[in-house]
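Worksheet for the structure shown next.
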Amino acid sequence: MAAARPALFLQLILIMTAIGLSTCRKFRPLSASTTSRCSFQFQFMTSAPGSASSAGRRWRSSAAYGRTTFRHIRGDVDSWRMTSSSDEFSSSVPSSSAASASLDLGPYQNKNNLDDQVFSAISADGGLKVTVATIRNLLNEMMIQHSMNPVPGDALGRATLCALMASNGMQEDQMFQLSMRGDGPLRGCLAIVTGKGEARGFVGNPSLGDDFTLKEAVGVGTVQVVKNHPDWPRPYNGITSIRHGDIDRDVGIYLAESEQRSCALAAATSFNGILCTAAGGYLVERLPNCTPETMSHMERNLGKLVQMNGEGEALPTNLLLEGKTPVDIASILLDGLGMEPLDQLEPKPKCPCSAEKLFRSLRLLPREEVDTILREEGQIEARCQFCGTVYRMGPEEVEKRFLDAKGDPSMDE
């Protein structure tokens, strides 16, 4: 039991960050309230990670039609429900489809969704922005890294999709961190993306079985968002409560309440056993100069998308399984409004962990604590919670690194 205290201390202290603490001028021990600002975490190795279930059945997340509503801040949150997809498009809306028809969308096409993609476009009148994402390959890789079951995979997939779409358009060096901190058996979910499309994330309980729905797995708690950039004096933090537990709807509420972004947001995944067969979503944002006519037209287009997707679902997984690409889905959403492509990127998994960052966190420990761990454990061993990489340092390497170390580790970049 003698090693329990230093081991626990190491687990708490080996929390590295590329966003908040690296810009702090003084080191502060991390607590539950400060870990929301962290983008990189080592965990002291005490047991082997759980293995994923190999159930061969098709598992699919549930969805609600009402998710695709626009939320607008006027003191309270008002929701405009989508109009019926059977309604005729308003003739008062000037059709701009001819303008987009002449565009060459070839460079943006992603045939059969073989690659992951985040595609964004704006309506011809500049009143609406549409972002569509698909991350099947990215999610499968993250699930393999964490030996993850479908329910945790659905949670991480939705969180990553929401983070990628909500952060679309930010600078390359900017970071967007989304965490769902609920009291359910999932034990939380964290997704971090950069402006380059680099993504990483983890859930607290990757081996959670299919006995729980996503809402039950998430539980009650908070949605927390942290944005940061190397040039910012301090990170931006936002928080709202978890209202539904299906992640994308809760993130939509966060965007409305905390950032005053009127939007329609949907994200979902589809699984065959433990293999993700589709993971995608869309974000429609109402811009300041959006007219009521354009708004009504978009609501009808959203209804049309639900009808095309089938099963009364606003989530686009069926369309993705049929081979529809982000460009195709954006074209459906902006039908009759004109579509001007803005940008595209291919999200990729990338973790900034390294042996150097592990040692930097070791330097924040009192030297006697490090010596105690080495004496009782024989080595320093830590596992990155994002990518699963295990780092080990023996006494000789630790001693050499301490001899070569210079400067204040709390101020290292």
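Residue numbers (mature numbering (1 follows the signal peptide of the UniProt record, and there is no 0)): -24 to -1, 1 to 389.
Glycine included, each C-beta is placed from N, C-alpha and C at the ideal position.
If you keep only unbroken alpha helix (DSSP H) runs of at least 4 residues inside the region 125 to 200, you get 126 to 142, 190 to 194.
Considering only His220, Ala135, Gly299, the residue with the shortest C-alpha distance to Ala167 is Ala135. In the three-state reduction of the DSSP assignment, Pro325 falls in the strand class. The alpha-carbon of Asn277 is positioned some 10 Å away from that of Thr270.
Per the coordinates, the alpha-carbon of Tyr212 lies some 32 Å from the alpha-carbon of Ala381.
By the Cβ test, the region 202 to 210 is not in contact with the region 116 to 126, since fewer than three Cβ pairs between them sit closer than 8 Å. Secondary structure at Gly256: strand, using DSSP grouped into helix, strand and coil. Annotation: the region 299 to 347 contains the following complete segments of the beta strand (DSSP E) (minimum length 3 residues), in chain order: 315 to 321. When DSSP reads this structure, Val374 sits in no beta bridge, so it has no partner. In the structure shown, Gln355 adopts coil according to DSSP, grouped into three states. Taking the CA atoms as reference points, Phe378 sits about 17 Å from Gly354. Assignment of Ala100 by DSSP, reduced to helix, strand and coil, places it in the coil class. Secondary structure of Thr365 (DSSP, three-state): coil. A check of alpha carbon separations from Leu318 across Leu90, Lys105, Gln150 identifies Lys105 as the nearest. The alpha carbon of Ala240 has as its nearest neighbour, out of Leu190, Leu281, Asp384, Thr170, the alpha carbon of Leu281.
Under the 10 Å beta carbon count, Ser217 is surrounded by fewer than 16 other beta carbons and is classified as exposed. Annotated three-state conformation of Ala381 is coil, per DSSP. For Asn181, the number of other beta carbons within 10 angstroms of its own is at least 16, and it is reported as buried. Residue range 212 to 217 is occupied by the beta strand (DSSP E) that includes Gly214. Boundaries of the alpha helix (DSSP H) harbouring Asn294: 293 to 297, taken from the DSSP string. In terms of CA proximity to Gly197, Cys165 leads the group Ala175, Asp187, Cys165. In this structure, DSSP gives Leu263 a state outside helix and strand, which the three-state scheme calls coil.
By the criterion of a C-beta distance shorter than 8 Å, Val374 is surrounded in its chain by Phe335, Leu338, Val346, Leu350, Ile356, once the five residues flanking it on both sides are discounted.
In the DSSP assignment, Ser246 falls outside any alpha helix (DSSP H) and lies within the beta strand (DSSP E) extending over 239 to 248. Shown here for Arg176: same chain residues with a beta carbon closer than 7 Å to its own, the five before and five after excluded, namely Ile168, Pro325, Lys326, Cys327, Phe362, Cys363 in chain order.
With a beta-carbon spacing of about 19 Å, Leu259 and Ala100 fall beyond the 8 Å limit used to define contacts. Around the beta-carbon of Asn125, 16 or more other beta-carbon atoms lie within 10 Å, marking it buried. Its chain contains Leu295 as the residues whose beta carbon lies nearer than 8 Å to that of Asp304, once the 5 sequence neighbours on both sides are disregarded; these appear in chain order. By the neighbour-count definition (other C-beta atoms within 10 Å, threshold 16), Val366 is an exposed residue. Secondary structure of Gln283 (DSSP, three-state): helix.
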